[in-house]
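Trainee: My questions all concern the structure below.
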């Protein structure tokens with residue numbers, strides 16, 4: 174399978190984005206949004222008024238009315254169903270542009286939290302005003318426009334956290350929750366996989382427990398207490414999500430993908446994938 178380019182966002186000049194590190198643009202009501210799923214190399218924060226369904230990291234998110242949404246480049250996403258969009262704004266930026274602690278710490282940009290925040294009319298008007306200011310600055314010749322854009326992005330994130338406190342806001346109130354987030358962070362740091370000759374190191378609850386210097390039973394209890402799911406389920410879901418992305422958007426062989434995901438033999442990977450998804454890796458690649 175040939176390497177596949179991800180569809181560009183309408184009006185996005187990738188060379189310009191990489192040069193400047195950011196772009197602000199308005200979404201027209203008639204915009205034909207790309208529907209190809211994939212990971213890009215930039216973050217995106219947008220405000221939109223519409224009606225659509227998005228597949229974000231394997232979960233279906235319904236967007237109805239005025240919402241603020243966050244896109245993490247590590248998480249595959251695609252538009253599944255699109256009824257209408259009446260406009261909005263989007264802010265796109267690279268990680269190097271906004272190398273700020275709030276970006277990395279914000280639960281809004283983590284796969285474990287809902288990246289869509291519903292806005293009332295007052296909140297939408299306030300957020301829209303920030304985007305209008307960013308668009309005006311972006312189009313002008315202000316010498317410190319990058320700094321001003323960063324300040325606006327930070328304000329959007331803080332306002333979003335104020336409107337909808339994340340589920341993980343009390344993450345350090347007890348040991349179990351804190352341990353779960355240490356595990357989740359360690360799991361996510363292994364992705365995305367970018368080199369076929371580097372094999373995934375941590376694939377089992379025991380491996381994560383050893384890395385965190387705790388007993389595996391304690392890790393399993395903590396993860397189950399916080400999420401209702403066993404540690405192995407979280408690991409499997411993330412490995413399968415990565416496998417699907419690699420199968421669909423790279424030209425790596427199934428054997429290469431199996432090795433990169435930590436499977437000693439391709440047959441083990443094939444059986445694992447089929448057991449969890451109901452289909453074979455090759456069948457997904459033919460879609």
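In this note's numbering, the protein residues as written are 174 to 460.
Quick reminder that beta carbons are idealized off the backbone N, C-alpha and C, glycines included.
Please read these numbers as outputs of a predicted model, since none were measured by experiment.
Taking all protein chains shown into account, do 16 or more other C-beta atoms lie within 10 angstroms of the C-beta of residue 438, making it buried, or fewer, making it exposed?
Mentor: Taking the first residue of the chain shown as 1, we reach residue 438 at position 265. Per the 10 Å Cβ criterion, exposed.
Trainee: Which stretch, first to last residue, makes up the alpha helix (DSSP H) that contains residue 222?
Mentor: Here residue 222 is taken as the residue at index 49 of the chain shown, counted from 1. Run containing residue 222: none in the alpha helix (DSSP H); it sits in the beta strand (DSSP E), 216 to 229.
Trainee: List the endpoints of the continuous beta strand (DSSP E) containing residue 238.
Mentor: As a working note, residue 238 is residue 65 in the chain shown. Unbroken beta strand (DSSP E) run through residue 238: 232 to 244.
Trainee: If you follow the alpha helix (DSSP H) that residue 381 is part of, which residue opens it and which one closes it?
Mentor: For the purposes of this step, residue 381 is identified with residue 208 of the chain shown, where counting begins at 1. Element bounds for residue 381: 378 to 385.
Trainee: In this structure, does DSSP put residue 373 in helix, strand or coil?
Mentor: Locating residue 373 in the chain shown gives position 200, counting from the first residue. Coil at residue 373, not helix or strand.
Trainee: Residue range of the beta strand (DSSP E) that residue 291 falls in?
Mentor: The residue labelled residue 291 in the question sits at position 118 within the chain shown. Segment 289 to 291, the beta strand (DSSP E) holding residue 291.
Trainee: Measuring alpha carbon to alpha carbon, tell me which of 318, 337, 409 and 307 ends up nearest residue 449.
Mentor: Within the chain shown, residue 449 is the residue found at index 276, counting from 1. Looking at the Cα atoms, 409 is the closest of the given residues.
Trainee: I think residue 306 touches residue 265, with their Cβ atoms under 8 Å apart; what is that distance to the nearest whole Å?
Mentor: For this step, residue 306 is matched to residue 133 along the chain shown. For this step, residue 265 is matched to residue 92 along the chain shown. Incorrect: roughly 16 Å between the Cβ atoms, too far for contact.
Trainee: Please look up how many angstroms separate the CB atoms of residue 300 and residue 329, rounded, as I've assumed it's under 8 Å.
Mentor: If you number the chain shown from 1, residue 300 lands on position 127. If you number the chain shown from 1, residue 329 lands on position 156. So it is a contact: roughly 7 Å between Cβ atoms.
Trainee: Which word fits residue 315, buried or exposed, when buried means at least 16 other C-beta atoms lie within 10 angstroms of its C-beta?
Mentor: Position 142 of the chain shown, counting from 1, holds the residue named residue 315. Classification of residue 315: exposed, given that the 10 Å Cβ count is below 16.
Trainee: When the Cα atoms are used, what is the spatial distance from residue 363 to residue 369?
Mentor: For the purposes of this step, residue 363 is identified with residue 190 of the chain shown, where counting begins at 1. For the purposes of this step, residue 369 is identified with residue 196 of the chain shown, where counting begins at 1. Approximately 13 Å between the Cα atoms of the pair.
Trainee: On a Cα-Cα basis, can you pick out the residue from 324, 222 and 360 that is closest to residue 303?
Mentor: By one-based count along the chain shown, residue 303 stands at place 130. Minimum Cα distance to residue 303 is reached at 324.
Trainee: So which of 215, 223 and 289 has the shortest CA-CA distance to residue 259?
Mentor: Residue numbering aside, residue 259 sits at position 86 when the chain shown is read from its first letter. Comparing Cα-Cα distances from residue 259 to each of 215, 223 and 289, the minimum goes to 223.
Trainee: Taking the DSSP output, what are the residues bridged to residue 301?
Mentor: Here residue 301 corresponds to residue number 128 of the chain shown, with the count starting at 1. Answer is none; residue 301 lacks a bridge partner.
Trainee: Between the stretch 374 to 392 and the stretch 330 to 338, are three or more C-beta pairs nearer than 8 Å?
Mentor: As far as the Cβ criterion goes, the stretch 374 to 392 does not touch the stretch 330 to 338, which means the pair count is below three.
Trainee: Per DSSP, residue 463 forms a beta bridge with which residues?
Mentor: There is simply no residue 463 to check, as the chain begins at 174 and stops at 460 in what is shown.
Trainee: With a threshold of 16 other CB atoms inside 10 Å of the CB of residue 455, please say whether the residue is buried or exposed.
Mentor: Indexing the chain shown from 1 puts residue 455 at position 282. That one is exposed.
Trainee: Just the C-alpha distance for residue 219 and residue 440, rounded to the nearest angstrom, thanks.
Mentor: Along the chain shown, one-based indexing puts residue 219 at 46. Along the chain shown, one-based indexing puts residue 440 at 267. In a straight line, the C-alpha of residue 219 is about 42 Å away from that of residue 440.
Trainee: So what does residue 447 bridge to, in DSSP terms?
Mentor: Here residue 447 refers to the residue found at position 274 of the chain shown. Note: residue 447 sits in no beta bridge, so no partner.
Trainee: Determine the direct distance from the alpha carbon of residue 193 to that of residue 359, and round the result to whole angstroms.
Mentor: Here residue 359 refers to the residue found at position 186 of the chain shown. Here residue 193 refers to the residue found at position 20 of the chain shown. Whole-angstrom Cα-Cα distance: 31 Å.
Trainee: Are the CB atoms of residue 288 and residue 243 nearer to each other than 7 Å?
Mentor: Residue numbering aside, residue 288 sits at position 115 when the chain shown is read from its first letter. Residue numbering aside, residue 243 sits at position 70 when the chain shown is read from its first letter. Yes; because the gap between Cβ atoms is below 7 Å, this pair is in contact.
Trainee: By the 10 Å Cβ neighbour count, where 16 or more other Cβ atoms means buried, how is residue 444 classified, buried or exposed?
Mentor: Position 271 of the chain shown, counting from 1, holds the residue named residue 444. Result: exposed.
Trainee: Could you check whether residue 433 and residue 366 sit closer than 7 Å to each other, using their CB atoms as the reference points?
Mentor: Counted from its first residue, the chain shown places residue 366 at position 193. Counted from its first residue, the chain shown places residue 433 at position 260. In contact: residue 366 and residue 433 (Cβ atoms closer than 7 Å).
Trainee: Taking the DSSP output, what are the residues bridged to residue 257?
Mentor: On the chain shown, position 84 is the one that residue 257 refers to. Its beta-bridge partners are 224.
Trainee: Which of the three DSSP states, helix, strand or coil, is assigned to residue 252?
Mentor: Looking up residue 252 in the chain shown gives position 79. In the structure shown, residue 252 sits in a strand (DSSP, three-state: E or B).
Trainee: Please go through the same chain and pick out, in chain order, the residues whose beta-carbon is closer than 6 Å to the beta-carbon of residue 297, but skip the five residues on each side of it.
Mentor: Here residue 297 corresponds to residue number 124 of the chain shown, with the count starting at 1. So the qualifying residues of the chain are 239.
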